[in-house]
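A.B. asks:
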Amino acid sequence: MVTGHSWGVPTFKAPAAKPILSPCSWLPTISQLLWGCRDTAVPLPYNAHKLTWVQPPSLCVLLCHPADFRVVGPNLPLLATVGQDVVLPCHLSPNMDARSLEIRWIRQQLSETVHLYRNGEDQYDEQMKEYAGRTELARGGLSSGSLDLRISELRPSDDGQYVCTVQDAATYGEATVELEVAAPFFHNARPWMAALGVLLLLLLMCFGVIAYLFRRKGEFVVGGMEWRGSGVE
């Protein structure tokens with residue numbers, strides 16, 4: 001839709017993936033186009049520098065191309081327990097429909113595929129066998145830019161860094177998510193905390209054994225004294 005501004009400068013609004021049509025007798029300048037986009041607050045991901053004009057015989061068509069995106073992950077490591085499910089969060093910025101993009105989750109150290117989404121479908125040909133049947137991309141959030149990956153039945157080997165990569169024909173982005181998998185007894189515990197807990201447990205067991213031995217020794221001494229006393233009588 002092409003409209004006129006109160007100052008006489010044309011402004012432009014276009015729904016997603018639809019062209020703007022205007023008579024060929026008038027073509028806006030770049031400065032007018034940039035001013036119009038700022039004035040009408042055209043929502044991301046449409047930027048003025050990504051606009052292309054196509055001029056057929058009877059109409060001028062303004063095509064709005066998606067702007068570049070960024071992939072954003074959490075700043076802190078995720079803590080989870082062996083055996084439970086976990087969701088690795090990731091999203092696009094600005095929020096945009098990701099259903100037509102290629103989304104690949106990989107293990108950073110191994111550079112192997114954990115989960116692949118391409119051409120609107122999950123692809124399992126390249127998936128690591130260790131993750132077969134245990135991954136699921138949150139399909140319901142793709143239209144709003146969510147790239148969350150669920151991993152079920154966590155194993156100790158799942159501990160480590162994961163990279164969420166997203167690309168289309170012109171843009172590529174990635175973000176890293178760190179996952180720390182702990183044993184069930186030490187849920188949410190750091191490795192040094194787990195080691196300290198084991199050490200304290202061993203010390204308590206030693207004290208218990210020593211106390212038991214002293215008690216048994218005391219009972220033996222008292223019993224011997226009573227026996228000798230009864231023999232004297």
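What the sequence shown shows, in UniProt numbering, is residues 1 to 233, in sequence order. Cβ coordinates follow ideal geometry from the N, Cα and C atoms, glycine included.
1) What did DSSP end up calling W53 once you bin it into helix, strand or coil?
2) Go ahead and pull the three-state DSSP assignment for A170.
3) At the level of alpha carbons, what is the spacing between G197 and R215?
4) Going by alpha carbons, who is nearest to G160 out of E180, F207, D122 and R150?
5) With a threshold of 16 other CB atoms inside 10 Å of the CB of Y212, please say whether the residue is buried or exposed.
6) So, does the segment 90-98 touch the segment 136-156, judging by three or more C-beta pairs under 8 Å?
7) Examine the Cβ distances between the segment 72-85 and the segment 118-133 and report whether three or more of them are shorter than 8 Å.
8) What is the residue span of the beta strand (DSSP E) that V87 lies within?
9) For V86, which of T171, L203, T135 and V163 has the nearest alpha-carbon?
10) Exposed or buried, which one is I210 when buried takes at least 16 other CB atoms within 10 Å?
11) Considering just the uninterrupted stretch of the beta strand (DSSP E) at A80, what are its terminal residues?
12) Just how far apart, CA to CA, sit Y124 and Y131?
13) If the criterion is Cβ atoms closer than 7 Å, does the pair G173 and R70 meet it?
14) M96: buried (16+ other C-beta within 10 angstroms of its C-beta) or exposed?
15) Thinking C-alpha only, which one of L116, L199, Q108 and A183 is nearest L137?
16) Can you have a look at A183 and say buried or exposed, based on whether 16 or more other CB atoms are within 10 angstroms of its CB?
17) Ignoring anything shorter than 3 residues, give me the beta strand (DSSP E) runs that lie fully in the segment 105-164, in order along the chain.
C.D. replies: Working from what's here:
1) Any answer about W53 is weak, because its pLDDT of 41 lies below 50 and its placement is not dependable; what the coordinates show is given next. Of the three classes helix, strand and coil, the one that applies to W53 here is strand, per DSSP.
2) coil
3) 27 Å
4) E180
5) exposed
6) yes
7) no
8) V86 to L88
9) T135
10) A residue is called buried once 16 or more other Cβ atoms fall within 10 Å of its Cβ, and I210, having fewer, is exposed.
11) Start and end: L78 to T81.
12) 10 Å
13) yes
14) buried
15) L116
16) exposed
17) 112-118, 121-123, 135-137 and 149-151
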